[in-house]
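Q: Sharing a structure with you now.
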Amino acid sequence: MRSRKYRWYVPLFFVGPALVLQVTFLFVPLANTFVLAFTNASTIGGGTFTGLANFSDLLADGEFWNAVGRTFVYMVIAVPALTIMSTCLAVLVNTRLRGSGVVRSLLFSPMVLPLAVIAVVFQYLLNSDGLVNEVLQGLHIVSAPVPFLNDPTLALLSLTLVTVWKGCALYTLITVAALQNVSPELDEAGQLDGAGWLRRTASVTLPQIRGTTIMITILASIATLRVFTEPFVITGGGPGDSTETIVVYLFQKGIAPGTDAGYASAISLMLFAFVLSVSGISWLISRKARA
């Protein structure tokens with residue numbers, strides 16, 4: 193009876209360390225961000241309460257809204273590419289074809305590499321004297337180096353390519369897991385009715401994983417809104433500010449070279465609002481689609 197009475201303590205030994213880490217590195221900094229957003233505190237400390245001054249300055253900050261526009265352009269390009277490519281690759285990987293095991297190994301290899309390492313590798317590949325330009329010029333496809341990282345438009349597209357290449361592996365894995373739960377009876381019924389593989393995939397298989405596809409769209413949207421490593425490591429936000437995203441702008445204001453922690457916290461809350469808005473809109477769209 194005594195062991196049964198105190199048995200409720202046992203789960204705390206398992207979830208306790210995780211809860212301590214979550215509180216220390218997630219909830220406390222989040223609460224601190226809400227407090228700092230209404231002050232003029234610097235990164236090294238101090239500051240006084242200023243009310244909504246940071247938010248009023250933020251609404252009039254043209255550089256911030258330019259970063260917001262570039263981030264949403266980034267999202268509009270990357271999210272459909274991630275969703276479509278991960279779905280197509282998952283269907284291909286899930287199909288029993290010769291050599292599919294090699295494809296799986298190659299496809300999931302980006303998951304084991306840190307994003308910073310991937311960014312450095314792509315920086316080497318896409319530089320004016322990098323491997324891609326060397327190959328293009330060696331094959332006489334171009335006569336001069338392509339400014340992948342020096343042209344404002346090409347730089348943003350190049351960073352999007354890196355994001356898609358890195359994220360596609362994870363979303364493909366999620367989609368493959370969803371395809372494993374697709375009812376084979378419906379596919380067999382379509383096959384008996386004379387439907388080909390492509391027709392069965394489009395009309396039978398994909399509708400059954402619609403929820404997973406919507407979830408991937410939401411996850412990809414949030415990830416692209418918070419993109420930082422690619423523009424920071426590969427281009428540093430340049431050329432000029434053509435690849436400066438919201439998080440890069442936040443970093444520059446709050447850490448390097450700026451030390452305005454209050455203003456950076458206000459940017460963080462605005463980013464949090466954007467993430468909630470995108471998630472809410474995606475959820476409403478998925479709810480209507482299910483209805």
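For the sequence shown, my numbering gives the first residue as 193, with consecutive numbering after it. From the three backbone atoms N, C-alpha and C, an ideal C-beta is built for every residue, glycine too.
#1: Give the straight-line distance between the Cα atoms of Ile-401 and Ile-276, rounded to the nearest whole angstrom.
#2: Give a yes or no on whether the C-beta atoms belonging to Leu-417 and Met-267 are separated by under 8 Å.
#3: Hey, which unbroken runs of the alpha helix (DSSP H) at 4 residues or more fall wholly within the segment 375 to 417?
#4: Per DSSP, Thr-216 is paired with what?
#5: Run the CB neighbour count on Leu-204, radius 10 Å, all protein chains shown included, and call it buried at 16 or more, exposed below.
#6: My output table needs one value for Phe-420: the three-state DSSP class, helix, strand or coil.
#7: I need the boundaries of the alpha helix (DSSP H) containing Tyr-201, first residue and last residue.
#8: Is the segment 222 to 240 in contact with the segment 315 to 327, if contact means three or more CB pairs nearer than 8 Å?
#9: Enumerate in chain order the residues of its own chain whose CB-to-CB distance from Lys-358 is below 7 Å, with the five nearest sequence positions on each side excluded.
#10: Closest to Pro-337 by CA distance: which of Ile-477, Val-260, Val-327 is it?
#11: By Cβ distance, which residues of its chain are closer than 8 Å to Val-354, with the 5 residues on each side in sequence left out?
#12: Determine the contact status of Val-283 and Thr-393, defining contact as a CB-CB distance below 8 Å.
#13: How big is the Cα-Cα spacing for Gln-444 and Leu-298?
#14: Give every residue of the same chain whose Cβ lies closer than 8 Å to the Cβ of Gln-214, excluding the five residues on either side of it in the sequence, and list them in chain order.
#15: Drop a sphere of 10 angstroms on the beta-carbon of Arg-199, count the other beta-carbons inside from all chains shown, and report buried for 16 or more, exposed for fewer.
#16: Any idea if Gly-208 is buried or exposed, counting beta-carbon neighbours within 10 angstroms, 16 or more meaning buried?
#17: DSSP puts Ser-297 in a beta bridge; with which residues?
#18: Who are Phe-241's beta bridge partners in DSSP?
#19: Since Thr-397 and Val-374 are thought to touch, with beta carbons under 8 Å apart, how far apart are those beta carbons, to the nearest angstrom?
#20: Let me check understanding here. Comparing Cα to Cα, which of Asp-452, Asp-249, Thr-231 lies closest to Gly-243?
#21: May I ask you to report which of helix, strand or coil DSSP gives Gln-329?
#22: In terms of residue numbering, what span does the alpha helix (DSSP H) encompassing Gly-432 cover?
#23: Return the chain-ordered list of same chain residues with a C-beta closer than 6 Å to the C-beta of Leu-218, the five sequence neighbours on each side being excluded.
#24: What would DSSP say about Ala-336, mapped onto helix, strand or coil?
A: In this structure, then:
#1: 13 Å
#2: yes
#3: 376 to 384, 389 to 392, 402 to 417
#4: Thr-216 is not bridged to any residue.
#5: exposed
#6: coil
#7: Premise fails: Tyr-201 is in no alpha helix (DSSP H) and is neither H nor E.
#8: no
#9: Pro-302, Leu-307, Ile-310
#10: Val-327
#11: Ile-310, Ala-311, Phe-314, Glu-422, Ile-426
#12: yes
#13: 36 Å
#14: none
#15: exposed
#16: exposed
#17: The partner list for Ser-297 (beta bridge, DSSP) is empty, contrary to what the question assumes.
#18: Thr-231
#19: 6 Å
#20: Thr-231
#21: helix
#22: From DSSP, Gly-432 is part of no alpha helix (DSSP H); its letter is neither H nor E.
#23: none
#24: coil
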